[in-house]
Amino acid sequence: MRIQEQGYYIYDNERMDFAETQKFSEDNSELIVPKQGDDIVQEYLKLLKLQKRPVYSVNNEATVKAIIDFVEAGKEKNGVFTLLVQKIRVVDL
Numbered sequence: 177m178r179i180q181e182q183g184y185y186i187y188d189n190e191r192m193d194f195a196e197t198q199k200f201s202e203d204n205s206e207l208i209v210p211k212q213g214d215d216i217v218q219e220y221l222k223l224l225k226l227q228k229r230p231v232y233s234v235n236n237e238a239t240v241k242a243i244i245d246f247v248e249a250g251k252e253k254n255g256v257f258t259l260l261v262q263k264i265r266v267v268d269l
């Protein structure tokens, strides 16, 4: 939460500012509820005759950086799934 509130983080001794990009992303994103997600998957399954299959990759990096990397590599159609895992320390009192 601290990183989100301050709008940047430090990676490899470099400050990574994301507040403006994050706002742009939020303003230009669409919420897909589970039912819509299921409908999308079902439609995809009907299109198995696609000539070009999607390429998947898993990257351990900031979502915004991953998107920028894909765009700079010339990828025009990008889908990003962000999984935020927060480590929770449980203390037995």
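In my numbering, the protein residues as written are 177 to 269. Even for Gly, the Cβ is constructed at its ideal location relative to N, Cα and C. What you are looking at is a predicted structure, and each value in this text was computed from that prediction instead of being measured.
What is the DSSP secondary structure of residue i, counted as helix, strand or coil?
i: I186; result: strand
i: A249; result: coil
i: L223; result: coil
i: A238; result: coil
i: V217; result: helix
Would you verify that the beta carbon of residue i is, or is not, closer than 8 Å to some beta carbon of chain D?
i: L207; result: Of the protein chains in this structure there is only one, and it is not chain D.
Just to check, is the beta-carbon of residue i closer than 7 Å to a non-hydrogen atom of the ligand COA?
i: Q218; result: Within the structure as shown, the ligand COA is missing, as the structure has no ligands at all.
Which residues in the same chain have their Cβ closer than 6 Å to the Cβ of residue i, if we skip the five residues on either side of it in sequence?
i: Y185; result: I179, M192
### Query
Within the chosen definition, does the stretch 203-221 reach the stretch 248-255 through at least 3 CB pairs nearer than 8 Å?
no
### Query
Unbroken alpha helix (DSSP H) runs of length 4 or more, entirely within the stretch 187-215: which are they?
195-203
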